[in-house]
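> I have a structure here, written as structure tokens, and I will follow up with some questions on it.
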Amino acid sequence: MAPGAGGPGGTQEVLVLKVSTRVRYGVRALVQIAGARPGASIPVQEIARGQRVSVKYLEHIVAALKTAGLVRSARGTRGGYALARPPKSIRLSEVIRALEGPPVVVECVDAPETCCRHATCAARDVWVRIRKAIDGVLDGTSLEDLLEAARSKDGSAPLSYTI
């Protein structure tokens with residue numbers, strides 16, 4: 012919860028749903044990889060430079076994405092990272108789970124036994140609906156959707172991050 016305007020004492024508690032820096036960087040890296048020419052691997056140093064992220068931090072992120080089967084790595088002079096599957100088959104929900112685990116709105120949504128009021132809580136139904144809405148957006152958004160959005164925002168044809 013974060014303080015906001017209004018309410019007793021001039022503040023009001025508001026629900027804050029925050030996407031972690033790790034997830035944001037991971038999504039940006041995946042969009043960059045997806046924008047490379049088909050079959051090309053992008054070195055982690057190049058991705059880090061393109062996203063203005065430290066190489067060391069990005070290495071941890073792409074390692075988790077590799078473990079989840081979202082990217083594959085190649086060694087050698089033409090080594091780097093490439094998508095393991097077509098961008099249209101990679102869902103944003105998979106990326107978040109790979110980097111942070113499943114999204115949690117309120118703990119009792121996924122683990123009702125953690126709350127003694129779960130059976131009678133009036134707000135729990137709202138939390139469940141919020142969770143379903145979030146899941147719907149994340150499951151309904153592919154990496155291809157994000158790549159197309161990136162292309163339309165910068166007004167270019169295919170994204171190229173190669174030097």
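Just so it is clear: in the sequence shown, position 155 is 166 by the working numbering, and no numbers are missing.
Backbone N, C-alpha and C define an ideal beta-carbon position, used for all residues, glycine too.
No experiment lies behind these values; they were computed from the predicted model shown.
#1: Leaving aside the five residues before and after residue 37 along the sequence, list all residues of the same chain whose C-beta is less than 7 Å from its C-beta, in chain order.
#2: Where does the unbroken alpha helix (DSSP H) through residue 63 begin, and where does it stop?
#3: Can you grab the Cα-Cα spacing for the pair residue 154 / residue 162, in whole Å?
#4: Return the chain-ordered list of same chain residues with a C-beta closer than 8 Å to the C-beta of residue 138, the five sequence neighbours on each side being excluded.
#5: So, at 8 Å on beta carbons, what are the nonlocal neighbours of residue 31 in its own chain, with the 5 sequence-adjacent residues on each side left out?
#6: May I ask you to report which of helix, strand or coil DSSP gives residue 59?
#7: Please tell me whether residue 58 and residue 94 are closer than 8 Å, where the distance is taken between their beta carbons.
#8: Keeping to the same chain, check which residues put their C-beta closer than 8 Å to that of residue 90; ignore five residues upstream and five downstream.
#9: Within a Cβ cutoff of 8 Å, which residues of the same chain sit near residue 10, ignoring the five residues on either side of it in sequence?
#10: To test your reading of the DSSP string, which unbroken beta strand (DSSP E) runs of 3 or more residues are found completely within the region 58 to 123?
#11: For residue 28, count neighbouring C-beta atoms within 10 Å of its own C-beta (all shown protein chains included) and say buried if the count is 16 or more, exposed if not.
#12: From residue 66 to residue 56, what does the alpha carbon distance come to, in whole angstroms?
#13: Can residue 157 and residue 42 be called in contact, C-beta distance under 8 Å?
In terms of the structure at hand:
#1: The residue given as residue 37 occupies position 26 in the sequence shown. Same-chain partners within the cutoff: 72, 76, 106, 110.
#2: For the purposes of this step, residue 63 is taken as the residue at position 52 of the sequence shown. No alpha helix (DSSP H) contains residue 63, which DSSP labels as neither H nor E.
#3: For the purposes of this step, residue 154 is identified with residue 143 of the sequence shown, where counting begins at 1. For the purposes of this step, residue 162 is identified with residue 151 of the sequence shown, where counting begins at 1. Residue 162 has its alpha-carbon roughly 12 Å from the corresponding atom of residue 154.
#4: On the sequence shown, residue 138 is found 127 positions in, with the first residue counted as 1. Only 116, 117, 119, 120 meet the Cβ criterion.
#5: Within the sequence shown, residue 31 is the residue found at index 20, counting from 1. Excluding sequence neighbours, residue 31 sits near 110, 111.
#6: In the sequence shown, residue 59 corresponds to position 48, counting from 1. It is helical.
#7: Indexing the sequence shown from 1 puts residue 58 at position 47. Indexing the sequence shown from 1 puts residue 94 at position 83. Cβ atoms of residue 58 and residue 94: not closer than 8 Å.
#8: Here residue 90 corresponds to residue number 79 of the sequence shown, with the count starting at 1. Excluding residues up to 5 positions away in sequence, 52, 54, 84 lie with their Cβ nearer than 8 Å to the Cβ of residue 90 in the same chain.
#9: As displayed, the chain neither begins before 12 nor continues past 174, which places residue 10 out of reach and without an answer.
#10: Considered as a whole, the region 58 to 123 harbours 82 to 85, 91 to 94 as its complete beta strand (DSSP E) runs of no fewer than 3 residues, in chain order.
#11: Taking the sequence shown and counting its residues from 1, one reaches residue 28 at position 17. Classification for residue 28: exposed.
#12: Indexing the sequence shown from 1 puts residue 66 at position 55. Indexing the sequence shown from 1 puts residue 56 at position 45. Using only the alpha carbons, I get a separation of about 6 Å.
#13: Locating residue 157 in the sequence shown gives position 146, where the first residue counts as 1. Locating residue 42 in the sequence shown gives position 31, where the first residue counts as 1. For residue 157 and residue 42, yes; Cβs fall inside 8 Å.
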